[in-house]
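Remarks on the structure that follows.
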Amino acid sequence: MIGDAHTSKRLRKAAIVGAIALFMLAIGIIAGYFISRSLGYHLASRQQAAERNKQAESAAAVAGVRRGAGDGVLAKLRQWPDPSSPQALQLLQDPAGPDDLLTAMYTLANDTLLITEQLTEVFLQRLLQQIDEGEADSGQTMLLTPGTNVTALLDTLVPCARDMLPYLRDCKSSALLQMLRDFAKRGAISTSDIDPAVLQDELNKLINVTRLNVWYGSTTKKDTVETQTRPWTQSSPQLLQGSTNAGRRRRMLSLSPASPPAAAAAGPHTRHLSATATIPVIPVDVAAKESVIPTASPLLTLNDMLCAVEPFSPIGLKGMLMPTAAELQTAGVAATAASGKQITCAPLPKAGTFNHGGVAFKPVVIPVVFHCQRFMQGDVLQPPIWKPQEAGQNLIDVTNKLYKGTGIQFKLQEVRSDVKQHPYLLLSTLDDWQSCTGNPSQEAAGFPCLQDTAKFPEVSALAEKHVVNVFIGGSQTSLFCDTTAADKVCSTLYFGYTGSIGPWFTKSSSTWREGLSEENWIVMTWDFFAPEVANSKRFWNGGAVTLAHELGHYLGVMHTHEGATACEGEGLTKADAVPDTPVNRQVEQWAAENNLAAALAGWCSDFRNGKQPQPKALLDYNSCKADGTTDNVFNLMSYLPNACNMMISPNQVARLQWAVATFRPQMMAAYAV
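Just remember that the numbering used here sits 15 ahead of the position in the sequence shown, which is counted from 1.
Below, the structure is given as structure tokens:
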């Protein structure tokens, strides 16, 4: 009995141990399965990511653009220190002599800091006074072109003082720019170290209103303009809407029979807004009752435009009078009850949102990531980016001011400039960096390279979350651009370009969809990211003006001058499909041709400096006489001097909201506030 009990006990114990062993074995098998599956998944993911990187790099190589460097080279790459640092001073005092490009870069930064608008005003006044009075410095006499009216010349140049530094830089000045630097240091005009022949040549060519007008005309064209004729035949709009994947399936079917879908495969730089019937018409009276933004408001008058930009003047519209009825009539502009009177502005109505035909907009705050492409110069990383976060934040802050009241704002998510952390940012050479840009002379390399940048997993993951990716690369500054070379790639760069040709364009990409990285990006040159060149208040925030302009295209609006014939059409049949923007030719081109570009820049500069320029001067800007109003010389979606970019019209706001709600519903859902 006792033996049987022991035997039974041993059997039970053995059974328990066996069960535990089987249980542990099962756990081990299950754990092993999941671990191996996880490892397999991660291995496959890494292989897929590597393959995508390989494909992107291969495609870039095919396009003629080389990326990256070996690990050994990458580890040794360094950036020049900030110009304000002790290390920078040590480099400049190197007994062997500092690098020429280093000296030029630090001089550029120093000029931006020291050569202010106020100092430039005084310099111009003293320079022209000295010339007018025939004073000689160190035996050197300076002369202006015979017949020059010095007073009239000053009246044009002084209001443009903030733009004179970039003007002299772009014109490759050596004598006048050096004199301006010396004046910043000593407070006196000196020609002792200046070649007399070079100085006289620059006085003739650069202290010249015609040349200044040409410069404004060439520097305000930000991207590209559609110039191909297309019929204005309208067809009924149809929206293909789905409850899921709406962003992928929505498509505007608005092309007329004369413009078949095959035309949608046009090149990326030949864009035009979608046909006019595509945006539902909301009359002003209906909008007032329904508290939505109208899409068919009357043309903006000069009074309306001035009221819209009032916040940009430190003293508002104080002391500014509307032109008289006679002055308006002479200019071909319709007179109003406000003619000849102090400008008065009605209280702004409460901002509505687009809500019509089942399309409802929700205010959004959209994240932006800047990707700063760079290249190697020996072991030095170029171009220098000393304060990337501050530069990116300034772009966003100023853009948000320009978009105030639209229901659309932006937030800085990240600035990527570290090529060790983000190797896809590194281009091999200066030529590669200049070519991986929006560049009409290098489309076979530039656009494919940018699209391939967008395909890198680190970038495409952002696009899938509807973040706006902004690529930075290329430069037209003399630091990196030799326009005398046979291959002038850098001299033809677009300042900015929108690589998102969605269905709001007639010639849209047939493969565009919301969240597809290679078809949703913006590019800007380094010049417009760098505070030393354009991205600061010192330069009227030209970088942010360019970014805000390109974001307008990205989200659904086009140039006010767009179209085969800019002066044709009215209301929704205009080329920009926005009724309240007066038709106009390209302002920068028309104004330069008529020697009015510098005067416009000066008017806007005076206005923003609180100097009360009179609206009468704006009557000269009427490139399309038929509409009875002046050109909108303040509109962000035109080509204007940076100081003049101050507004987006109410109907442009309506179109932006409609386009976001219609074509980017996933973005709107993700970032609605």
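Built from N, CA and C at the ideal position, the CB exists for glycine as well.
Since we're looking at a predicted model, the values are computed, not measured.
Taking the continuous beta strand (DSSP E) assigned at Lys304, which residues delimit it? Note, Lys304: premise wrong, no beta strand (DSSP E); alpha helix (DSSP H) at 299-305.
Rounded straight-line distance, which links the Cα of Leu317 to that of Ala323: Going by the C-alpha atoms only, they are around 10 Å apart.
Same chain only: Cβ atoms within 7 Å of Arg553, ignoring 5 sequence neighbours per side: Residues of the same chain with a CB within less than 7 Å of the CB of Arg553, apart from the 5 flanking positions on each side, are Thr127 in chain order.
With 16 other Cβ atoms within 10 Å as the buried cut-off, status of Cys505: Its Cβ being crowded by 16 or more others within 10 Å, Cys505 is buried.
Cutoff 8 Å; reference Ala84; Cβ partners in own chain excluding five residues on either side: Closer than 8 Å at Cβ, skipping near neighbours: Leu92, Met391, Leu441, Ser443.
Please state the DSSP three-state secondary structure of Leu107. Annotated three-state conformation of Leu107 is helix, per DSSP.
Can you tell me whether Val333 is buried or exposed, with buried defined as 16 or more other CB within 10 angstroms of its CB? Strictly speaking, residue 333 in this sequence is Lys, with Val absent from that position. Flag for Lys333 reads exposed.
Please name the residue, chosen from Val296, Val485, Pro326, that lies closest to Phe510 on a Cα-to-Cα basis. When only C-alpha atoms are compared, the closest one is Val485.
To the nearest angstrom, how far is the alpha carbon of Ala131 from that of Pro326? Correcting the residue type first, residue 131 is Thr in the shown sequence and not Ala. Here the alpha carbon of Thr131 sits roughly 23 Å from the alpha carbon of Pro326.
Three-way DSSP call (helix, strand, coil) for Val88 in this model: Helix at Val88.
Whole runs of the beta strand (DSSP E) within the stretch 356-381, excluding any shorter than 3 residues: Runs of beta strand (DSSP E) with 3 or more residues, each lying fully within the stretch 356-381, are absent.
Would you say the stretch 220-228 touches the stretch 604-623, given that touching needs at least three Cβ pairs under 8 Å? These segments touch.
Rounded to whole angstroms, what is the Cα-Cα separation between Leu494 and Gly367? Leu494 and Gly367: Cα-Cα distance of roughly 47 Å.
Using a Cβ-Cβ cut-off of 8 Å (strictly less than) and excluding sequence neighbours within five positions of Phe425, which residues of its own chain qualify? Closer than 8 Å at the Cβ level, and outside the excluded window around Phe425, lie Val380, Ile381, Pro382, Val383, Ile411, Thr414, Asn415, Tyr418, Val483, Leu566.
Looking only at DSSP bridge pairs, what is Phe486 linked to? By DSSP's assignment, Phe486 forms a beta bridge with His386, Val538.
Within a Cβ cutoff of 7 Å, which residues of the same chain sit near Ala280, ignoring the five residues on either side of it in sequence? Legend: pLDDT at Ala280 = 31, less than 50; position of this residue unreliable, value from coordinates given subsequently. Closer than 7 Å at the Cβ level, and outside the excluded window around Ala280, lie Ser525.
Using 10 angstroms around the beta-carbon of Ile400, count the other beta-carbons present and answer buried if the total reaches 16, otherwise exposed. The residue in question, Ile400, is buried, as its Cβ has 16 or more Cβ neighbours within 10 Å.
Can you tell which of Gln105, Leu465, Glu342 has the C-alpha that lies nearest to the C-alpha of Gln388? Minimum Cα distance to Gln388 is reached at Leu465.
Run through the stretch 507-532 for me and flag every whole beta strand (DSSP E) of 3 or more residues, listed as ranges in chain order. Complete beta strand (DSSP E) runs here, min 3: 511-513.
C-alpha gap between Glu577 and Pro594, whole angstroms: Cα to Cα, the separation comes out at about 13 Å.
What runs of the alpha helix (DSSP H), each 4 residues or longer, lie entirely inside the stretch 399-439? Here the runs fully enclosed are 403-417.
Proximity below 7 Å, CB of Ile697 to CB of Phe385: Look at the range of the chain in this structure, 16 to 688, and you will see that residue 697 is not part of it.
Where Pro309 and Ala559 are concerned, what is the direct C-alpha to C-alpha distance, given to the nearest angstrom? Spanning the two alpha carbons is a distance of roughly 28 Å.
CA-to-CA distance, Asn556 to Thr122, given in whole angstroms: Distance between the alpha carbons of Thr122 and Asn556 is about 20 Å.
Residues in its own chain within less than 7 Å of Pro298 by CB, not counting five upstream and five downstream? Contacts found: Pro309, Ala311.
Could you tell me how far apart the beta carbons of Cys659 and Arg600 are, in whole angstroms, since I believe they sit closer than 8 Å? With a contact defined as Cβ atoms closer than 8 Å, Cys659 and Arg600 miss out at about 16 Å.
Can you tell me whether Thr118 is helix, strand or coil according to DSSP? When DSSP states are grouped into helix, strand and coil, Thr118 belongs to the helix group.
Distance, Asn125 Cα to Asn535 Cα: Distance between the alpha carbons of Asn535 and Asn125 is about 37 Å.
Which residues DSSP lists as bridging Arg93, in chain order: Arg93 pairs with Val395.
Going by CA-CA distance only, name the one from Thr166, Gln404, Met337 that's closest to Arg141. With distances taken between Cα atoms, Arg141 lies closest to Thr166.
Is any heavy atom of the ligand NAP found at a distance shorter than 6 Å from the C-beta of Ser493? As presented, the structure is devoid of all ligands, the ligand NAP included, so that no description of it is given.
Is it buried or exposed, Arg670, if we count other Cβ atoms within 10 angstroms and call 16 or more buried? Buried, since its Cβ has 16 or more Cβ neighbours within 10 Å.
When the Cα atoms are used, what is the spatial distance from Gly372 to Pro338? Going from the Cα of Gly372 to the Cα of Pro338 covers about 42 Å.
How would you label Val675, buried or exposed, when you count the other beta carbons within 10 angstroms and need 16 or more for buried? The C-beta of Val675 has 16 or more other C-beta atoms within 10 Å across all chains shown, which makes the residue buried.
Relative to the C-alpha of Leu336, which candidate in Gln344, Ser328, Val348, Leu321 has its C-alpha closest? If we check each option's Cα against that of Leu336, Leu321 comes out closest.
Considering only C-alpha positions, which residue in the set Arg679, Leu651, Asp635 is nearest to Tyr343? One detail in the question is off: residue 343 reads as Leu in this sequence, not Tyr. Here the closest residue by C-alpha is Asp635.
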